[in-house]
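Asker: Below you'll find the structure I mean.
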Amino acid sequence: MQTIETPVTKLTITDAKNVSDPIHVIFEDIQKGVGLVTITNYGKAWVGFFQYSGSKCIRQHFKNTRVESIYRRFTNEPKEVNDYEALGVLIKERISKKYIDEDNIEDLFEKTDELVEELQDFTNETLIYYENDLLNNHLGDEWYLTNLPQKNSSLYRQIKNIILAIKEAI
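Numbering follows my numbering, with no gaps: position 66 of the sequence shown is 49.
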């Protein structure tokens, strides 16, 4: 049997900006240019495997790497998701331009708000099956193929805040 020891640094970060719970992070230098980072926070854990050039340690590599690149090491979840509130604003703008003097604008605005609430349950894969006259009339028959407004996902915002806190701490 063979045993190999690797340098490990464990940090606990408290009072971090935009992160309410303590962050626990473990940096493990497996070999030159290869490292493992484990983060626990909010009762969740993320593990990222990093390969990089140079002789720096995993902490230095982590500190000098862009947040988006680090995020992709921890999850396959998309950084951005559809922003249905912004889609609602876009539809209301188009309704306002199309029906300037119409009495039914408020009714259409109310239907838009209901639509935005209903769309929250859909993913990009299931939107193609969603039929709605309001969307078809104001965005076209294949509205789901257009570039829908996007926003950062809640998971991305959470992990980004954690990554930024770790970068500041190291």
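Heads up, the beta-carbon is just placed ideally off N, CA and C, and yes, glycines get one too.
Buried or exposed: R49, going by 16 or more other Cβ atoms within 10 Å of its Cβ?
Answerer: Classification for R49: exposed.
Asker: So what does E11 bridge to, in DSSP terms?
Answerer: V(-9) and L19
Asker: So, with DSSP's three-state summary, where would you put G71?
Answerer: In the structure shown, G71 falls within a helical segment according to DSSP collapsed to helix, strand and coil.
Asker: Which residue's Cα is closest to the Cα of V(-9): N87, Y54 and T21?
Answerer: T21
Asker: Where do the ends of the alpha helix (DSSP H) carrying V99 lie?
Answerer: I88 to L102
Asker: Taking the alpha carbon of F138 as the point to measure from, which residue in K80, P61, E76 and I153 has its own alpha carbon closest?
Answerer: First, the residue type needs correcting, since residue 138 is Leu and not Phe in the sequence shown. Checking every option, the nearest Cα to that of L138 belongs to P61.
Asker: Locate the alpha helix (DSSP H) running through V2, then write down its first and last residues.
Answerer: Where V2 is concerned, there is no enclosing alpha helix (DSSP H), given that its DSSP letter is neither H nor E.
Asker: Could you give the distance in angstroms between the alpha-carbon of N144 and the alpha-carbon of V2?
Answerer: Using only the alpha carbons, I get a separation of about 7 Å.
Asker: Going by CA-CA distance only, name the one from T(-3), F32 and L98 that's closest to D12.
Answerer: F32
Asker: Can you tell me whether DSSP reads Q(-15) as helix, strand or coil?
Answerer: coil
Asker: Can you name the start and end residues of the alpha helix (DSSP H) that N144 belongs to?
Answerer: S137 to A152
Asker: Taking the C-alpha atoms as reference points, what is the distance between E101 and L131?
Answerer: 16 Å
Asker: Output the distance between the C-alpha atoms of N65 and I41, rounded to the nearest integer angstrom.
Answerer: 34 Å
Asker: Decide if N87 is buried, meaning its Cβ has at least 16 other Cβ atoms within 10 Å, or exposed.
Answerer: exposed
Asker: So I53 and I146 are in contact, right, with Cβ under 8 Å, and what is the actual spacing, rounded?
Answerer: 5 Å
Asker: For E63, list the residues DSSP reports as bridge partners.
Answerer: N135
Asker: Is A148 closer than 8 Å to I9 when the C-beta atoms are compared?
Answerer: no
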